[in-house]
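Down below is the structure, laid out as structure tokens.
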Amino acid sequence: IKMSHPNTTRRKHVLKEMMEDDYSLPTEQQQIVRVISSRGNNLHEVEPTSLDAENFLGKHNSNKCKLLSLIYTYVFIVSMPNKFRKNVWVKRGDFILVEPIEEGDKVKAEICKILTPEHIKEYTKAGIWPERFAKKAVEPPTNNASDSDSDESLPPNTNRPSHKQLEEDEDSETDSEDG
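Take 1 as the starting number for the sequence shown in full-length UniProt numbering and just add one per residue.
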């Protein structure tokens, strides 16, 4: 019988829990947030869906934060629980479900679920996905002469043969074989 390392077993169960998720909707205490940056030490800076997040602002900070919200968006710090550490990673732009915690001045919440694209689809179908995080309609790119991504403005690469030259050579070879 082969014994597995405890960390491997824990990682297996955490990943299994994430994969077999029933896509349950968030509770009233939970909130969907977007990760802005990693602060290190399993702390992440996040932006909430709205500034009405009374659970996360606290009663003493509520008025101050609403006043500051006129200038910029309120952000707060969340912590990664032990069961996710070194098993699951989040990066900037990921969406997570957080739950407020009582202790701590700077850390306002703890991550309870990392949302996958499947979660986003289910939450959108249920009508609870925040409009602020909804995908914007992508505008079709316009072909402007001043567009910096166009290939015509680039000098030819002398390290590789051009495609036009190869096509012309192939055409002349087939003509000479036929004649």
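For every residue, glycine included, the Cβ atom is placed at its ideal position computed from N, Cα and C. Treat the numbers as computed from the prediction; the structure is a model and nothing was measured.
- Spatial neighbours of D94 in its own chain (CB-CB distance under 8 Å, excluding positions within 5 residues in sequence) are listed in chain order as R34, V35, I114 and L115.
- When the beta-carbon positions are compared, V107 and Q30 stay at least 8 Å from each other.
- A straight-line Cα-Cα distance of about 59 Å links T27 and R160.
- In this structure, DSSP gives E28 a state outside helix and strand, which the three-state scheme calls coil.
- According to the DSSP assignment, P117 belongs to the alpha helix (DSSP H) that extends over P117 to A126.
- Across the set E103, I101 and I96, the C-alpha of I96 shows the shortest separation from the C-alpha of W129.
- In this structure Y23 is not in contact with E110, their Cβ atoms being roughly 20 Å apart against a cut-off of 8 Å.
- Taken through DSSP and simplified to helix, strand or coil, E103 comes out as coil.
- H44 counts as buried, since no fewer than 16 other beta carbons sit within 10 angstroms of its beta carbon.
- A distance of 8 Å or more separates the beta carbons of Y74 and P100.
- Contact annotation, F76 with V46: C-beta distance approximately 6 Å; criterion of less than 8 Å satisfied.
- Checking the DSSP bridge columns, you'll see P48 partnered with V33.
- Taken atom to atom, the span from the alpha-carbon of K12 to that of A134 is near 32 Å.
- Residue pairing by DSSP places G40 opposite L43 in a beta bridge.
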